[in-house]
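In my numbering, the protein residues as written are 150 to 405.
Encoded as structure tokens, the structure appears first; notes follow it.
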Amino acid sequence: MENLVTISKRLLGSPSEFKKTKYVQELVSEIKEKIEIEGQKIVYNDKELTELVLSVCRCNDFNVIVKDTGRHIVIDKNRLLDWVKDKLLPNTVLLRIDEEDVVRLFIFSTEMTYRMFLGGTRATVTQKGFRERRRTFESILVDQFTGKLGEVAVKKFLENDFSANIELDWEISEDISKYRPDILNAKKIVSIRTSPTLAGIWAEADLGFDYGIFVKCSVPLHPILQFFIEVCGFSSLLDFADKKIPPDDEIFRDYL
Numbered sequence: 150m151e152n153l154v155t156i157s158k159r160l161l162g163s164p165s166e167f168k169k170t171k172y173v174q175e176l177v178s179e180i181k182e183k184i185e186i187e188g189q190k191i192v193y194n195d196k197e198l199t200e201l202v203l204s205v206c207r208c209n210d211f212n213v214i215v216k217d218t219g220r221h222i223v224i225d226k227n228r229l230l231d232w233v234k235d236k237l238l239p240n241t242v243l244l245r246i247d248e249e250d251v252v253r254l255f256i257f258s259t260e261m262t263y264r265m266f267l268g269g270t271r272a273t274v275t276q277k278g279f280r281e282r283r284r285t286f287e288s289i290l291v292d293q294f295t296g297k298l299g300e301v302a303v304k305k306f307l308e309n310d311f312s313a314n315i316e317l318d319w320e321i322s323e324d325i326s327k328y329r330p331d332i333l334n335a336k337k338i339v340s341i342r343t344s345p346t347l348a349g350i351w352a353e354a355d356l357g358f359d360y361g362i363f364v365k366c367s368v369p370l371h372p373i374l375q376f377f378i379e380v381c382g383f384s385s386l387l388d389f390a391d392k393k394i395p396p397d398d399e400i401f402r403d404y405l
């Protein structure tokens, strides 16, 4: 049947091989057409859609896998397209870099990272592995920004779709209770976990939370640099450089 696609099950463990598969590429093309037909303003690139399809197949969301032989899986394209229409599109949140809470997040992440380097939090600036390696300020800042981005997305989703008033936890303190909720004014204890990859299918929430919300984010490369470019603008950077580069430096004067 044309609505069934068979692929090797081992591809589920290899995102790089999964995206190269002809059948997967065809599925992604059909999904993009489906989104255009639905008249959605949301634009997904091929990489994002491929990772999303991989995650759906990994957890068999919407029962998209109709047969599993152990070596191969059979995907029902109609169910996959239903997942796009009924789950992906309604639950996608677009964030702009100039939104109030995104700006708050940048300031929060910068302050959090600064305090980590000063030893003002329980977080560490070293990376666990075969040996401890000290992380850079920028890498920690990006991790902080990405890790809390899901909370901003959840707030926007709930406020836009349910007219709710959401208060996020922006406080930085060493004295943090074990089950401190991510949504302060919620009646239940909510944990929001963010994944920087769309292919992820699980996240951990400690026992004691009433609800866990898993958010998968598509974050552009070098988000902090893009933040500075968008907010400060290249003109400010060039003005700054113009004051620092000597007038007799002909090469860089041409660049400026």
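Idealized CB from N, CA, C, for every residue including glycine.
Which one of the options has the shortest CA to CA distance from residue i?
i: I180; options: V252, R264 and K196; result: K196
i: N240; options: I373, G299, P396 and V339; result: G299
i: I373; options: T199, F257, S163 and D225; result: F257
i: A348; options: L153, V205, I214 and K393; result: V205
i: P345; options: G357, N334 and C366; result: C366
i: Q375; options: V202, L160, E287 and V215; result: E287
i: I186; options: K234, M265 and K216; result: K234
i: L238; options: N309, Y193 and H221; result: Y193
i: V177; options: T155, D210 and L230; result: L230
i: L470; options: T295, N334, V291 and T285; result: There is no way to answer for residue 470, as the model of the chain reaches only from 150 to 405.
i: E200; options: H371, I350, N212 and L317; result: I350
Who are the near neighbours of residue i in its chain, counting only those whose CB is closer than 7 Å to its CB and skipping five residues on each side?
i: G188; result: none
i: G278; result: Residue confidence is low: G278 scores 47 on pLDDT, short of 50, so the model does not pin down where it sits. Its coordinate-derived value is still stated next. None.
i: Q293; result: S258, M261 and T262
i: K243; result: At residue 243 the sequence reads Leu, which differs from the Lys that was named. Cβ neighbours of L243 beyond the five flanking positions: I191.
i: V303; result: I341, I362 and V364
i: N212; result: R228
So the alpha helix (DSSP H) residue i belongs to, where does it begin and stop?
i: F167; result: P164 to K169
i: S207; result: Checking the sequence shown, residue 207 turns out to be Arg, not Ser. R207 -> alpha helix (DSSP H) spans D195 to C208.
Give the secondary structure of residue i by DSSP, where H, G and I count as helix, E and B as strand, and everything else as coil.
i: G349; result: coil
i: V368; result: coil
i: I184; result: helix
i: K234; result: helix
i: D397; result: coil
i: G296; result: helix
i: F279; result: Model confidence at F279 stands at a pLDDT of 41, short of 50, so the residue's coordinates are unreliable; what they give is reported in the following sentence. Note: F279 maps to coil in three-state DSSP.
i: I362; result: strand
i: S157; result: strand
i: D331; result: coil
i: M150; result: Low confidence applies to M150: its pLDDT is 46, below 50, so where it sits in the model is not reliable, and the reading given next is rough at best. Here M150 sits in coil by DSSP.
i: D355; result: coil
i: L243; result: coil
Would you give the residue range spanned by the beta strand (DSSP E) that residue i belongs to?
i: I256; result: Counting along the chain, I256 falls outside any beta strand (DSSP E), though it belongs to the alpha helix (DSSP H) covering E249 to L267.
i: T343; result: V339 to S344
i: I224; result: H221 to D225
i: I214; result: I214 to D217
Go through its chain and collect everything with a Cβ distance to residue i's Cβ below 8 Å, but skip five positions before and after it.
i: R280; result: Unreliable placement is indicated for R280, whose pLDDT of 46 sits below 50; no coordinate value is reported for it.
i: G219; result: K158
i: N152; result: D225, K226 and N227
i: I214; result: C206, I222, V223, I224 and D225
i: K183; result: L230, V233 and K234
Please work out which residues of its chain come closer than 6 Å, Cβ to Cβ, to residue i, disregarding the five sequence neighbours upstream and downstream, and give them in chain order.
i: D250; result: V301
i: W319; result: F257
i: F363; result: R342 and A352
i: P336; result: In the sequence under discussion, the amino acid at residue 336 is Lys, which differs from the Pro named in the question. Result list for K336: empty, nothing under 6 Å.
i: F358; result: I338 and S340
Hey, residue i and residue j are a contact pair by Cβ (cut 8 Å); roughly how many whole angstroms apart?
i: E330; j: I338; result: Reading the sequence as shown, one finds Pro at residue 330 and not Glu. About 5 Å separates the two Cβ atoms, so the contact holds.
i: P164; j: L203; result: 6 Å
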